[in-house]
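Working notes, beginning with the structure itself.
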Amino acid sequence: MKQSFQLLWALQQLDTELRTLTEKLSRIPSRVDDLKKAAAAIKADLNQAKSDIIEHKKQYKLCEVELKGTEEKVAGYSVQLYSAKTNEQYKAFLKEIEGQKKQKASIEDRMIVLMEETEALDRKVKENEKESAELDSETTRKVEMLEAEKKEIEAAIATRQQQRETTAAAIPAELLKRYERVRASKGGIAVATVRKERCSGCLSPIPAQRILEVERQDHLYLCEACGRILIVAQE
Ligand SMILES: [Zn+2]
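Convert by adding 15 to the 1-based position in the sequence shown; the result is the number in this note's numbering.
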């Protein structure tokens with residue numbers, strides 16, 4: 016019986032380790048995903064800034080064409096101004112010139128804004144390009160580490176599963192069945208130790224008489240509060 020309890024304890028340790036390892040393994044894909052998403056977000060931001068620069072330069076070119084148009088119109092009206100035959104005509108040409116000059120000024124203002132914005136975008140691209148490249152290599156490195164960690168965990172799981180099989184095979188069938196039943200209903204922990212006169216599983220106090228009985232290790236006792244298999248602390 017004593018040996019069976021030791022095996023049960025070993026089995027419990029293995030199952031606890033297996034659960035921890037399995038949980039760790041299951042978190043790896045989302046950790047990889049998060050890393051890749053963060054790198055992709057920076058890259059998307061960078062690409063947006065690059066296409067904004069192209070758009071700004073296009074707009075600037077259009078402004079140059081418009082500006083030239085207004086300048087030509089001003090020049091044209093200025094020539095016509097001298098050939099005006101009536102005062103009304105003269106005034107009309109002046110008004111046209113005034114209008115074109117106003118338009119020219121507003122185009123120039125827009126060009127200044129576009130230029131300033133383009134410069135700011137250029138700076139942003141320069142900074143982000145460095146950051147993005149660094150993040151990219153860092154992400155690659157971290158993902159590789161996670162892949163390695165995944166392999167290690169998978170290997171550890173395989174080893175423990177093998178150990179579990181061997182251990183389980185050495186436990187009497189009835190006891191093993193009970194272990195599995197309690198484990199399934201008690202959040203994966205079927206075996207509890209007596210620590211400081213309490214059940215390590217649910218922390219309920221264990222009567223002194225029961226502690227003595229458990230310590231004899233000749234009979235199976237369950238915690239009366241939580242139903243876990245009680246064994247002597249194995250430290
Ligand atoms: Zn208990």
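By construction, the Cβ of each residue, glycine as well, lies at the ideal position given by its N, Cα and C atoms.
The model shown is predicted, which means the values in this text are computed figures rather than measured ones.
query                                                                                                       : result
Residues sharing a beta bridge with A53, DSSP                                                               : Answer is none; A53 lacks a bridge partner.
Where R243 falls: helix, strand or coil (DSSP)                                                              : coil
Contact under 8 Å by Cβ, T208 with L22                                                                      : no
Three-state secondary structure assigned by DSSP to T154                                                    : helix
Residue span of the beta strand (DSSP E) that contains A207, given as start and end                         : V206 to R210
CB of K65 within 8 Å of CB of V140, strictly                                                                : yes
Buried versus exposed call for D124 [16 or more other C-beta atoms within 10 Å across all chains shown]     : exposed
Strand pairing of C214, partner residues [DSSP]                                                             : V209
Sequence-distant residues of the same chain with beta carbon closer than 8 Å to L96, five excluded per side : Y105, F108, L109 and I112
Distance, K76 Cα to S93 Cα                                                                                  : 26 Å
R243 CB to nearest heavy atom of ligand 1 below 7 Å                                                         : yes
Three-pair Cβ contact test at 8 Å for the region 148-157 versus the region 44-57                            : yes
Helix, strand or coil at P220 [DSSP, three-state]                                                           : strand
Whole-angstrom C-beta distance between S19 and L218, which should lie under 8 Å                             : So it is not a contact: roughly 25 Å between Cβ atoms.
Beta-bridge pairing of L237 - partner residues as DSSP gives them                                           : I244
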